[in-house]
Amino acid sequence: MISPHDANRRSANDETQRSIQNIRRQFQRLIFALLAWCSALPVAAAVPFTPGVPAPTLKDRYDVIIAGAGTGGCGAAIQAGRLGASVLLLEETDWIGGQMNAAAVTSMDEGGTLVRGRGLYHELVERIEAYYQPLGINPETAYHFGHICVEPRVGRRILHEMLDSARGAGTLDVALRSRVTKVLKSGHTITGAEIEIVTDAGKATRTIASTVLIDATEWGDVLPLAGARYRVGNGTNDAVDPTRHVQDNTWTAVVKQYPQGVPAGFLITDAPPGYDDKVQQRFVKSLGLGDAIDSKAKPWTWTTFVGYRGMPDSSRSGDAPPITRTHLNYNNDFPASVAEIEDPAKRRSTDREMRLRTLQLIHYFQTTLGLKDWAVANDEGYDTPYNRAEIDAWLQERPELERFRAMLYHFPVIPYVRESRRLIGLHTLCAREIDRRPGQHPTQFATAVALGDYPVDMHGSMTPQYLELDLDRVEDIPDKFGGHGMGPFAIPFESFIPEKVDGFLPAEKNISQSRMANGATRLQPHTLLMGQAAGAIAALAVKHRVPPRAIDPVLVQRILLDAGDPLNLTPLKDVARESRDWPAIQLVTVHGMLPLENGRFAPQRAVTAAELAGVLQQLSAGPPAAHPADPVSRAVFAEALQTATGGSKVKLEFASTDADQAKPITRSEAAQVLAEFLELRATAKMNGTAQTLAWTSLKPASTPASGDVTSNLRSDLEKLVNRKIIVSPEYWLEHAVTGETCEGVQVAELLTRAAQAFDATARDAVEVLSRQHIIGSPEYWTKNAVPGGKCAGNNVATVIHNLARHQGLKGPK
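Just so you know, the sequence shown maps onto residues 0 to 812 in numbering that gives the first Met the number 0.
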């Protein structure tokens with residue numbers, strides 16, 4: 000039994016550890032920013048190739064082995080490493096970062112800016128911004144200056160640094176060109192893996208033991224080795240049909256503008272094999288010349304095309320043209336089937352055809368469109384031993400492609416894979432559970448361990464005959480992109496747990512979900528956060544010496560919340576992530592206690608009798624013995640909670656002065672006590688040991704924020720006040736929000752003052768701001784930003800955000 004003194008000391012120690020973690024994270028960010036500031040060198044020279052851990056230095060046993068160093072695998076490794084587990088991270092190629100870096104899809108598909116405040120993705124975005132800020136470059140370039148983007152080599156460097164910092168004094172080994180070839184089991188429990196490692200001397204095989212094995216590969220390649228049941232296409236592994244459709248894949252290529260001329264071998268003057276009139280007409284229908292930006296018009300103009308996946312370009316000065324680097328990922332999608340997932344030979348064959356299609360696209364824009372100053376970027380670091388071996392093997396079979404060798408060495412090392420095998424777990428996440436249309440409510444799982452935001456987006460095969468109609472319904476199919484809504488949805492703990500296999504977890508696109516749900520979870524921010532959840536589950540399984548399925552999700556949630564990863568579908572508007580009571584508030588509201596009202600928690604407001612009754616109901620306890628008066632006192636709350644804990648192995652010891660006992664209990668204090676109870680109850684249930692909740696002092700409530708702490712608007716407005724673009728933020732805080740409108744005359748003044756910063760007059764404001772990519776459609780602002788006009792609040796917020804992020808904007812002279 001834990002004494003009250005020990006419990007208080009433990010609580011104080013926990014608080015101290017959280018403070019230390021916060022200080023450490025802030026210190027790391029400061030150091031990173033200082034390093035980036037002091038080393039404003041071209042990134043190609045600044046990013047060394049990281050070879051990983053040579054085979055002889057690998058240990059015979061790790062707590063956690065992770066197959067695949069994509070965003071899911073890196074997220075799992077970082078979180079498990081931070082929790083003290085020994086980790087081996089394997090990567091079959093010699094690039095980490097998966098779809099984000101190795102496949103060059105570095106334009107973050109966020110589904111909304113809320114995701115930038117979550118866990119490891121928040122840290123990633125901070126590091127991206129810290130890298131580019133000293134260079135005078137705005138990294139919010141993708142989707143026409145609407146989403147964070149990063150050059151692949153910079154993204155790889157950042158992930159290596161995050162892995163290095165997660166290692167600490169423990170073990171976090173990264174082995175490149177390494178893959179799991181066999182899984183070792185005892186009954187239904189995985190005990191380790193055989194690993195093939197490619198070295199300069201050839202291939203070597205090692206047998207390494209583990210407590211938890213995580214499949215974070217792009218294709219879910221470890222699932223069949225583990226003997227776990229899985230879905231593939233709209234079937235299962237019980238009867239694999241290689242002809243079933245899966246989402247289209249894409250072999251992207253990073254291209255950039257060469258103002259001094261394209262390198263030798265990077266211009267495709269003669270058509271690649273297979274380039275015929277049919278291929279050309281497909282490109283003609285999708286891509287042409289022009290400067291207009293309109294993603295709905297077909298064909299896209301070149302400016303629309305490069306801005307869609309626009310990257311920052313650290314090889315150019317900060318005042319260079321806005322988009323001089325992008326990646327090709329629009330009209331070069333390639334059909335895929337279950338065969339590419341299940342058959343390695345078919346996968347390799349299709350990979351080569353995808354590369355060829357991208358070569359054809361490059362030939363089209365260089366020759367037909369005449370854009371001979373654009374070509375494959377030669378400074379991303381893709382010319383590696385792994386990539387050369389893949390290209391050399393292909394060209395040995397296809398000598399007519401020899402003329403493209405130099406260029407192909409600089410293609411990304413893997414394709415953009417949108418769909419993989421998917422675990423059959425304790426719960427299968429379905430489309431109706433993430434439906435976010437008006438009037439629909441996505442499921443707030445009490446066991447949520449990650450949030451997503453993206454709409455259901457499936458490239459090809461989204462028709463009833465290709466879907467899993469035993470999981471999803473025909474009416475779940477959106478009629479357009481975002482047709483079933485965007486915004487937060489929850490991913491439950493049970494989607495990570497196999498039906499029977501122990502010692503195994505998924506951490507990528509391979510969680511237990513339907514094909515349509517996968518269309519919303521497969522994006523980089525989401526897989527990073529799902530990986531973070533898998534890493535927390537794995538580390539807890541190691542710590543408590545139980546299989547992952549035996550971990551109470553509350554313990555996982557507590558770790559993620561302490562790491563700044565919110566789990567409530569409704570953004571918490573009046574309590575900041577940095578507040579000491581934020582994790583507790585998140586936890587209890589996820590579990591249906593002390594609910595939010597329009598996103599506000601009101602931490603200093605007293606608990607009502609009705610709210611206490613709701614708490615007891617969620618704890619599966621009966622109503623209070625006597626109906627308490629409003630507001631509920633601390634003593635009454637303690638008595639009710641003590642009754643509710645009777646059936647658990649948690650003993651409540653409430654000791655306080657009479658005066659303190661009589662005080663009304665605030666919602667914040669109640670949340671903190673309840674969160675500690677949930678955590679202790681989970682621990683007691685899992686290990687069978689009685690716990691004591693020692694409540695001996697007041698738990699202060701944070702001061703509620705007056706504005707919405709989840710919005711970027713306030714910080715954006717502060718920047719514009721400092722630059723004298725606006726005088727006061729109050730009007731915009733009230734009106735530049737979704738669902739509100741701004742007076743045209745006010746917006747016109749805002750645009751005029753912004754244009755003055757670019758030495759433009761009011762008459763030229765719309766034209767100049769459009770050229771600077773501050774505004775999108777000039778027609779909209781010409782029509783609405785006038786006396787008597789009205790502008791949608793969310794559109795004005797976007798303009799304010801673009802102004803705040805513009806590196807060259809200093810304010811009116």
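Here a beta-carbon is modelled for each residue, glycine too, at the ideal position from N, C-alpha and C. Here the structure is a predicted model, which is why all the values come from computation and not from measurement.
For the stretch 683-694 against the stretch 635-651, do three or more pairs of beta-carbon atoms, one drawn from each stretch, fall closer than 8 Å, so that the two count as touching?
yes
For isoleucine 333, list the residues DSSP reports as bridge partners.
Before going further, note that residue 333 is phenylalanine rather than isoleucine in the sequence given. As a beta-bridge residue in DSSP terms, phenylalanine 333 pairs with Asn248.
Which same chain residues end up closer than 6 Å to proline 777 when comparing Cβ atoms and leaving out the 5 residues on each side of it in sequence?
Exclusion of the five residues before and after proline 777 leaves Val765 and Ser769 as the residues of its chain whose Cβ lies within less than 6 Å of its Cβ.
Which residues DSSP lists as bridging glutamine 256, in chain order:
Trp373
What would DSSP say about proline 814, mapped onto helix, strand or coil?
No information on residue 814 is available, as it lies outside the stretch 0 to 812 that the chain covers here.
Output the distance between the C-alpha atoms of glutamate 507 and threonine 682, rounded to the nearest integer angstrom.
So the two alpha carbons sit approximately 28 Å from each other.
Through-space distance from threonine 180 to threonine 198, alpha-carbon basis:
Each residue's Cα considered, the two are about 16 Å apart.
Nearest to asparagine 783 (by Cα), restricted to the options Gln755, Gly743, Ala753 and Ala803:
Of Gln755, Gly743, Ala753 and Ala803, the residue nearest in Cα terms is Gly743.
Collapsed DSSP secondary structure at histidine 543 in the structure displayed
helix
What number of angstroms, rounded off, separates the C-alpha of glutamate 474 from the C-alpha of isoleucine 361?
Taking C-alpha positions only, glutamate 474 is separated from isoleucine 361 by approximately 39 Å.
Let me know if proline 41 comes out buried or exposed under the rule of 16 or more other beta-carbons within 10 Å of its beta-carbon.
Residue placement at proline 41 is flagged as unreliable, the pLDDT there being 33, under the threshold of 50; the coordinate-derived value follows with that caveat. By the neighbour-count rule (16 or more Cβ atoms within 10 Å), proline 41 is not buried but exposed.
Where alanine 601 and arginine 666 are concerned, what is the direct C-alpha to C-alpha distance, given to the nearest angstrom?
7 Å
DSSP-derived helix/strand/coil call for glutamine 641:
helix
Is alanine 583 closer than 8 Å to alanine 670 when the C-beta atoms are compared?
yes
Between the alpha carbons of arginine 346 and glycine 792, how many angstroms are there, rounded?
47 Å
Under the rule that 16 or more other beta-carbon atoms within 10 Å means buried, what is alanine 200, buried or exposed?
exposed
Measure the alpha-carbon distance for arginine 713 versus threonine 797 and round it to whole angstroms.
13 Å
Looking at threonine 188 and aspartate 501, is the spacing between their C-beta atoms short of 8 Å?
yes
Report yes if the C-beta distance between alanine 447 and alanine 489 is below 8 Å; otherwise report no.
yes
Compare the beta carbon distance of alanine 225 and alanine 75 with 8 Å and say whether it is the shorter of the two.
no
Assigned exposure category for lysine 255 - 16 Cβ within 10 Å defines buried
buried
Three-state secondary structure (DSSP) at tryptophan 299?
DSSP places tryptophan 299 in strand when its eight states are reduced to three.
Short Cβ contact (8 Å threshold) for proline 663 with alanine 704
no
Whole-Å CB distance - glutamine 617 paired with aspartate 108, under 8 Å assumed:
About 35 Å separates the two Cβ atoms, so there is no contact after all.
In its own chain, which residues sit with a C-beta less than 7 Å from the C-beta of arginine 166, not counting the 5 before and 5 after it?
Gly80
Return the chain-ordered list of same chain residues with a C-beta closer than 6 Å to the C-beta of alanine 43, the five sequence neighbours on each side being excluded.
Because alanine 43 carries a pLDDT of 31, less than 50, the predicted location of this residue cannot be relied on, and the following value inherits that uncertainty. Asp378.
Helix, strand or coil, according to DSSP, for histidine 326 in the structure here?
strand
Proximal residues to leucine 113 (C-beta, below 7 Å), its chain only, five neighbours per side dropped:
Asp452, Pro487, Pro570 and Thr709
C-alpha distance - alanine 101 paired with lysine 718, whole-angstrom precision:
35 Å
By how many angstroms is the C-alpha of asparagine 248 removed from the C-alpha of aspartate 456?
Taking the straight line joining both Cα atoms gives about 13 Å.
My understanding is that alanine 103 touches threonine 251, with C-beta atoms under 8 Å, so please give their C-beta distance in whole angstroms.
5 Å
What does a CB cutoff of less than 6 Å around isoleucine 30 pick up in its chain, not counting 5 residues either side in sequence?
With a pLDDT of 40 at isoleucine 30, under the threshold of 50, the predicted position of this residue should be treated as unreliable, though the coordinate-derived value follows. Within the same chain, and ignoring the five residues on either side of isoleucine 30 in sequence, no residue has its Cβ closer than 6 Å to its Cβ.
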